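Asker: Chains B and H are the protein sequences, given in the same order.
Under numbering that gives the first Met the number 0, the first residue of the first sequence carries the number 0, and numbering increases by one thereafter.
Under numbering that gives the first Met the number 0, the first residue of the second sequence carries the number 0, and numbering increases by one thereafter.
Sending over a structure as C-alpha cells; questions will come in a sec.
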Amino acid sequence: MNNGKDSKKSKNEISRRQLLGSAVAAGAFTIVPSYVLGANGQKPPSEKLNIATIGAGGMGRGNTRRCADAGENIVALCDVDEKKGALVYAEYPKAKTYKDFRKMLEMEKNNIDAVIVATPDHTHAVAAMMAIKMGKHVYCQKPMTRTVYEARMLTEAAREHKVVTQMGNQGHSGEGIRLVCEWIWADAIGPVREVHAWTNRPVWAQGIDRPKDTPPVPEGMDWDLWIGPSPMRPYNPAYHPFAWRAWVDFGSGALGDMACHILDPAFWALKLKYPVSVEASTSTRMAGTGWDKVGVRETYPQASIVRYKFPAREGMPEVKVNWYDGGIMPARPEELEPGRRMAFGDPDGGVLFVGDKGKLMCGCYGSNPRLIPEKKMEEYKRPAKTLPRVDEGTDGHEKNWIEACKGGPAADSNFEYSGPFTETVVMGNLAMLNPYELLEWDGEKMKVTNNDKANEFVKSPYREGWVL
Amino acid sequence: MAGAATAVAGFTIVPRHVLGGVGFKAPSEKLNIACVGIGGQGKENLRKSEGENIVALCDVDWEFAAPVFAAYPNAKKYKDYRKMLEEQKDIDGVIIATPDHTHAVIAMAAMKAGKHVYVQKPLTWSIDEARKLTETARQTKVATQMGNQGHSGEEIRVLCEMIWSGAIGKVREVHAWTDRPYWAQGILRPTETPPVPATLDWENWIGPAPSRAYNPAYHPFVWRGWLDFGTGSLGDMGCHIMDHAFWALKLGHPTSVQADNALRCVKMWEKVENKETYPDASIVRYEFPARGDMPPVRLTWYDGGLKPPRPAELEKERTLSGSGAIFIGDKGTIVEGRIVPETKMQEYKKPAPSIPRVKEGADGHEQNWFDACRGGPAACSNFEYAGPLTEVVLLGTVANRIPGKVLEWDGPNMKITNVPEANDLISRKYRAGWSL
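Have a look at this one:
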C-alpha cells in the first residue's frame, strides 16, 4: 500500500488534488486517495491489475480494450450470449470465460482485482454490488443503475467497502466539461436559472407494445441469466441485443442512456444534487386505425420532455433543467446565428445554459462549449484552467479508474459523484411513467412526496433468487 | 365590439342585404341547405340545421352515409358534389365536411355558384387554398363560416375582453396544445390493396390529391394523419385552440415558424422520416411581430402528448387538460381561460362584456351562419377571419414537414423566404381533371 505514496508526489497529483477540492463542493467527491483509507486490494502502480468484464460483448468490449491497452491483465470475461461474447473472447485467449457473473466472481475471486460491468441497465446493480461486496473495484457503465434505489445502495456499498469506482460516462474525463465548469464558475454567463438539454435518442424503437411472438432463444444464449432480477418474459430480439434500452423492465430509455453524458456538465458545473420536483410530458402512439394507445408503461415513450427543478445551492439560484428527446428540441436561442446548428451540429445532443448575463452551448459530453453569439465567445477572456485534466481526456476514462485502483486519487466519476447523478437522471423516469403530474421529490428519502403511485419505480422488486 | 373586431381581422359588419349580395333570403324564409361529406362531422352540422330545409346530401361513401341519408329522407342524394351543384339549383347554402384535402375545391365551386358556405376546420388543406377561398368569398359576397364552433362561444369572448382590458398585461408568450392525434401517425404507407368497397367512389374521395390505392388506413376518419389528405393534429385542433390567441392577440401573419418532430425508429439507428404521415408528436414555434400596442409574441404549439411547462402560478395539484392554451402576460398568467392561481381569478373582476354574444354560444355557430345567409351581419368566423387563421395553422403544418428548420414567412406574399423548397408545400398541383 505504501507504494502508492510515490504517485502522490507527482505534479499531476497535486493538481488533481486541487481539482478534487473544487469537485467536493460540486458533488462530494472522495478526495482522499483510497489507499489512505485502507481500502481493499489497491495495487501499487508498478503492478498490473487483473480485470474481469461482465457483459463483454457490447459496450464492455471497448472498455476492456482500453484497459488491456493500458497494460492491465484481462483475466476473465463474462457474457450471457456466447455468440456476442465470442468476438471478445477471441481477443483475450488467456481470459477465462463465463456466462454467469456470479459463478465467475465466485470462481475467480482470488484472481480478480477489478470488474467492468457493461450489461444492460437492469443487471448493473446486482453485478456491481456482488463485486463491491467482494472488495473488487468497479467500473460500471452508465447509467450506473436502472432505479434510484439501486444507485443509492451501490454508492453506499462502495463507500462501506472502500472500493474504487467509476461510472462509464467517459465525457466526465474530457476537456469540454472542465471548460464548462471553469467558465460558469468564473461567472461567464452570470447565475444560471435555466438549462435545456437534448438528445437524438432513442435511435431504437420506443412507444411500442410487447411482442407476442416467441421465437426460440438463440443458441448459446442463457435467457434466464439475461433476464436476471427482472420479471421473466419470453425471449425476443426486441430486447437483445441493444434494444433493451426501450423497455421499462430492462432499460432506462433515452434519458438513462444519454443524460449521464449530456447532463453531466450541468450536474457538475451547477453543483446539482437532488431536484425538488420533476414533471414530464410524453408522446403517445396510436395503434392502427386509432383510439388505442400503444406501449404505455411497457416502453419509454418515443419522445419526451422532462422538466426538473433544483433548489438554490451554494450561492447559485434555483434552476430549471429541461430534457428533450426523441426528436424534440428546446426553442432555438435567439443568440444562435441563423444557419448555425444547435450544439454546433453534434448529432448526439447538447446543452444550453441560460444565465442572467449570457448563454453557453455545448455538445454531448460537454464537448465544444461556446458562448453564443460567437462574437461573445471571441471577446471572452477565458479563465485559467484550474481543474486538472485527465490524460487523454475521454479516452483516458478507464485509465483514470485504473490509476485510482492503484492507489491514486478517486476516479473522477466515482460513485460519490455518479451515484447521486444517476439517481437524479433515472428519477426523471418516474415522471416519464407518470406524465403531466408535478412530482415533488425528497431526494434524501428517495421518495415522491405527493404521488404514491410514482414511487413504484423508485425500487423494483427482484425476481426470486436475486438480491442486491 | 364591431370596431374591435374590424381591427382584428376586418370583419364585414354591414348587413349583407344592404350590399345586394347574391341569394340572401329574407329572415322569414327557410334556407335550402346542402351538405357534402355527411358521414362524419357533417352529421353534427346537419343536426343543428334541422330548422332549415335540408335539400341535398352528398357523400362519396354511401354506406358510411346511409344513416344520415335515412335521417333526411326528403333530401336528394348525391355521390359527386359537382353533379349536385350542377343539377340542383335551389340550394342556398352548402355545408362542407369532407376530409381536409377536398374542402377547397368544393367550397370554391359552391361559392362560384353563388352559394353560401359553411366549411369545416381547417378551412383548407393548403395555405394557397385558404388564401384563394378568402379572396373568392370577398368577391362573391356569399356568407361564409368556418366550423370552429368555439368561435361563437362565451369562453373566447371572455378571454378577449380580459386580455384587451389588461388583465395580465402585455402578452409575449402563448402555449397551445392538444393531446391528439387519436389516430395513427408516424407510419408508413400500407402496401396491401384491398378492394374498394362497392359503396365507395374512391376516385372522388381522392379528389385533387395524388391517386393511390384504397385502404381502410385512410377512410373513414383516419385520413387526418396522412400528408396527402389531412393536416394532422395541428390542422385538426389548431383552428380551435389557436383561435383564442389569434383573436385576443390580433395575430395576423407570423414572421417565422419552426417545428420539431418526434421521430420513430423501427430499426436501430434508422428513423422513419415522416414522408407519408405527420409525426406522433410535435412542437411548432411561431414568432409574431408587434401589432399596434401589442409586443411581439411567441406562440408554441404542442401535440401528441407533449405539453408546455407548468406555469409557476398553477396550483401543484392541478394538471393541464388534454387541450388548452396558456397566455403569459407581464402581469399574470391565464391557463385554459382562467387566471392562475385560482384565488387570483376569484378576486378578479371581469370587464363588462363588450363583444356581442352569439345566441347559444358554440351550439349556435351554424345558426350564426344562417343569420348571415339571410342578410344579417357576417358570421363570426367568416373567411376574412378564418382564412388568415387557417393560414397560420397550416404554416405550422408546413413546418412539421421540414422539421428543425426556421422558416421565415412573408405572409402578404405567401412565401417562405429562406428555404426555397418549402414553398412547394404552400400549394399543390392538383391531379388531372381538378382545379380550384
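Each residue gets a CB set at the ideal place from its N, CA and C atoms; glycine is no exception.
On a predicted model such as this, the values are computed, not experimentally measured, just so you know.
V265 (chain H) touches chain B at which residues, Cβ-Cβ below 7 Å?
Answerer: Taking the second sequence and counting its residues from 1, one reaches residue 265 (chain H) at position 266. Near V265 (chain H) (Cβ distances below 7 Å), the residues of chain B are A204.
Asker: Excluding the five sequence neighbours on either side, which residues of its own chain have a C-beta within less than 6 Å of the C-beta of T448 (chain B), listed in chain order?
Answerer: On the first sequence, position 449 is the one that residue 448 (chain B) refers to. Same-chain partners within the cutoff: E439 and D441.
Asker: Please name the residue in H:P26, H:S27, H:E62 and H:F68 whose C-alpha comes closest to that of A33 (chain H).
Answerer: Working through the second sequence from its first residue, we reach residue 33 (chain H) at position 34. Considering only alpha carbons, the answer is H:F68.
Asker: Between the segment 207-215 of chain H and the segment 244-257 of chain H, are three or more C-beta pairs nearer than 8 Å?
Answerer: With a cut-off of 8 Å, the segment 244-257 of chain H and the segment 207-215 of chain H do not count as touching, because too few Cβ pairs lie within range.
Asker: Counting beta carbon pairs with one atom in the segment 379-398 of chain H and one in the segment 120-131 of chain H, are three or more of them shorter than 8 Å?
Answerer: Contact between the segment 120-131 of chain H and the segment 379-398 of chain H is present, because at least three Cβ pairs lie under 8 Å.
Asker: Identify whether H218 (chain H) lies in helix, strand or coil by the three-state DSSP scheme.
Answerer: Position 219 of the second sequence, counted from the start, is the residue given in the question as residue 218 (chain H). In the structure shown, H218 (chain H) sits in coil (DSSP, three-state: anything other than H, G, I, E or B).
Asker: Less than 8 Å between the C-beta atoms of V118 (chain H) and L233 (chain H), yes or no?
Answerer: If you number the second sequence from 1, residue 118 (chain H) lands on position 119. If you number the second sequence from 1, residue 233 (chain H) lands on position 234. The answer is no: Cβ separation not under 8 Å.
Asker: Starting from the Cα of Y138 (chain B), find the closest Cα among B:T154, B:T146 and B:P274 and give me that residue.
Answerer: Position 139 of the first sequence, counting from 1, holds the residue named residue 138 (chain B). Per the Cα distances, B:T154.
Asker: Can you round the beta-carbon distance between V128 (chain B) and M152 (chain B) to whole angstroms, since I take them to be within the 8 Å contact cut?
Answerer: Here residue 128 (chain B) is taken as the residue at index 129 of the first sequence, counted from 1. Here residue 152 (chain B) is taken as the residue at index 153 of the first sequence, counted from 1. Going by the sequence as given, residue 128 (chain B) is Met instead of Val. Their Cβ separation, rounded to whole angstroms, is 7 Å, which keeps M128 (chain B) and M152 (chain B) in contact under 8 Å.
Asker: Could you tell me which residues DSSP pairs with H136 (chain B) in its beta bridges?
Answerer: By 1-based counting over the first sequence, the position of residue 136 (chain B) is 137. H136 (chain B) pairs with B:A113.
Asker: Assign G92 (chain H) to one of three DSSP states: helix, strand, or coil.
Answerer: The residue given as residue 92 (chain H) occupies position 93 in the second sequence. Strand at G92 (chain H).
Asker: Which residues, in chain order, does the segment 296-314 of chain B contribute to contact with chain H at a C-beta distance below 9 Å?
Answerer: The residues in question are P300, Q301, A302, S303, I304 and R306.
Asker: Examine chain H for any beta-carbon lying closer than 8 Å to the beta-carbon of A24 (chain B), and answer yes or no.
Answerer: The residue labelled residue 24 (chain B) in the question sits at position 25 within the first sequence. In this prediction, A24 (chain B) has a pLDDT of 40, which is less than 50 and means its spatial position is unreliable; what the coordinates show is noted afterwards. So, not an interface residue.
Asker: Could you check which residue in B:P332, B:P43, B:G54 and B:G59 has the C-alpha nearest to that of E397 (chain B)?
Answerer: On the first sequence, position 398 is the one that residue 397 (chain B) refers to. Nearest option by C-alpha distance: B:G59.
Asker: Report the partner residues of S255 (chain H) according to the DSSP bridge assignment.
Answerer: What you label residue 255 (chain H) is simply residue 256 of the second sequence in a count that begins at 1. In DSSP, S255 (chain H) forms a bridge with H:E286 and H:E407.
Asker: Note down, in chain order, each residue of its chain lying with its Cβ closer than 8 Å to the Cβ of D91 (chain B), except the 5 sequence neighbours on either side.
Answerer: For this step, residue 91 (chain B) is matched to residue 92 along the first sequence. According to the sequence as given, residue 91 (chain B) is Tyr; it is not Asp. Excluding positions up to five away in sequence, the list reads T63, A67, I73 and L76.
Asker: Quick one: give me the first and last residue of the alpha helix (DSSP H) that F241 (chain B) is part of.
Answerer: The residue you call residue 241 (chain B) lines up with position 242 of the first sequence. Premise fails: F241 (chain B) is in no alpha helix (DSSP H) and is neither H nor E.
Asker: Three-state secondary structure (DSSP) at N62 (chain B)?
Answerer: Numbered from its first residue, the first sequence carries residue 62 (chain B) at position 63. Helix at N62 (chain B).
Asker: In chain B, which residues lie with their C-beta within 7 Å of the C-beta of Q257 (chain H)?
Answerer: Start at 1 with the first residue of the second sequence, and residue 257 (chain H) comes out as number 258. Going along chain B in sequence order, the residues near Q257 (chain H) (Cβ under 7 Å) are R331.
Asker: Tell me, please, which residues DSSP counts as bridged to K270 (chain H).
Answerer: As a first step, residue 270 (chain H) is located in the second sequence; it is residue number 271 there, counting from the start. In the DSSP output, where bridge partners are listed per residue, K270 (chain H) has H:C264.
Asker: Closer than 8 Å by beta-carbon distance: list the chain B residues that pair up with I415 (chain H), in chain order.
Answerer: As a first step, residue 415 (chain H) must be located in the second sequence, where it is residue number 416. Correct list: empty, because the minimum Cβ distance to chain B is about 14 Å.
Asker: Counting only beta-carbon atoms, is S21 (chain B) nearer than 8 Å to chain H?
Answerer: Indexing the first sequence from 1 puts residue 21 (chain B) at position 22. Reliability fails at S21 (chain B), whose pLDDT of 41 lies under 50, so the model's placement of it is uncertain and the value that follows must be treated cautiously. Output row for S21 (chain B): interface = no.
Asker: With a cut-off of 8 Å on the beta carbons, I'd call A25 (chain H) and R373 (chain H) a contact; round off their distance for me.
Answerer: Numbered from its first residue, the second sequence carries residue 25 (chain H) at position 26. Numbered from its first residue, the second sequence carries residue 373 (chain H) at position 374. Going by Cβ atoms, the distance from A25 (chain H) to R373 (chain H) rounds to 7 Å, so yes, they are a contact pair.
Asker: Taking the alpha helix (DSSP H) that F63 (chain H) falls in, what are its first and last residues?
Answerer: Here residue 63 (chain H) refers to the residue found at position 64 of the second sequence. Residues W61 to A70.
Asker: Sorted by chain position, which residues of the same chain lie with C-beta nearer than 6 Å to T283 (chain B)'s C-beta, five sequence neighbours on each side aside?
Answerer: For the purposes of this step, residue 283 (chain B) is taken as the residue at position 284 of the first sequence. These residues qualify, in order along the chain: K292.
Asker: Chain B beta carbons: is any one of them nearer than 8 Å to that of R309 (chain H)?
Answerer: Within the second sequence, numbered from 1, the residue matching residue 309 (chain H) stands at position 310. So yes, R309 (chain H) belongs to the interface.
Asker: Expressed to the nearest angstrom, what Euclidean distance is found between the alpha-carbon atoms of G20 (chain B) and T385 (chain B)?
Answerer: Residue numbering aside, residue 20 (chain B) sits at position 21 when the first sequence is read from its first letter. Residue numbering aside, residue 385 (chain B) sits at position 386 when the first sequence is read from its first letter. Only weak support is given to the placement of G20 (chain B): the predicted model assigns it a pLDDT of 37, under 50, and the value that follows is read from those uncertain coordinates. Approximately 11 Å between the Cα atoms of the pair.
Asker: Using CA atoms only, rank isn't needed, just tell me which of H:A431, H:E275, H:E365 and H:E51 is closest to P146 (chain H).
Answerer: Here residue 146 (chain H) refers to the residue found at position 147 when the second sequence is read from its first residue. Before going on, a small fix: residue 146 (chain H) reads as Gly here, not Pro. Among H:A431, H:E275, H:E365 and H:E51, the Cα nearest to that of G146 (chain H) is on H:E365.
Asker: Determine contact between the segment 314-328 of chain H and the segment 261-271 of chain H, defined as no fewer than three beta-carbon pairs at a distance below 8 Å.
Answerer: No: the two stretches stay apart, fewer than three of their Cβ pairs being nearer than 8 Å.
Asker: Can you find the residues in the same chain that come closer than 6 Å, C-beta to C-beta, to G418 (chain B), ignoring five residues on each side of it along the sequence?
Answerer: Within the first sequence, numbered from 1, the residue matching residue 418 (chain B) stands at position 419. Around G418 (chain B): A150 and T154.
Asker: What is the rounded straight-line gap between the Cα of A38 (chain B) and the Cα of W400 (chain B)?
Answerer: Translated into the one-based positions of the first sequence, residue 38 (chain B) becomes position 39. Translated into the one-based positions of the first sequence, residue 400 (chain B) becomes position 401. For A38 (chain B), the predicted model reports a pLDDT of 48, less than 50, meaning its position is unreliable; a value from the coordinates is still stated below. Each residue's Cα considered, the two are about 15 Å apart.
Asker: Using 10 angstroms around the beta-carbon of K349 (chain H), count the other beta-carbons present and answer buried if the total reaches 16, otherwise exposed.
Answerer: Locating residue 349 (chain H) in the second sequence gives position 350, counting from the first residue. Under this definition K349 (chain H) is an exposed residue.
Asker: Would you give the residue range spanned by the alpha helix (DSSP H) that L233 (chain H) belongs to?
Answerer: Here residue 233 (chain H) is taken as the residue at index 234 of the second sequence, counted from 1. Per DSSP, L233 (chain H) belongs to the alpha helix (DSSP H) from G231 to I240.
Asker: Just the Cα atoms here: how many angstroms apart are Q301 (chain B) and M328 (chain B)?
Answerer: As a working note, residue 301 (chain B) is residue 302 in the first sequence. As a working note, residue 328 (chain B) is residue 329 in the first sequence. One C-alpha to the other measures close to 13 Å.
Asker: Taking DSSP as the reference, what is the three-state secondary structure of A175 (chain H)?
Answerer: If you number the second sequence from 1, residue 175 (chain H) lands on position 176. Residue state, collapsed to three classes: strand.
Asker: Are K78 (chain H) and C57 (chain H) closer than 8 Å when you measure CB to CB?
Answerer: Here residue 78 (chain H) is taken as the residue at index 79 of the second sequence, counted from 1. Here residue 57 (chain H) is taken as the residue at index 58 of the second sequence, counted from 1. A contact, by the Cβ cut-off of 8 Å.
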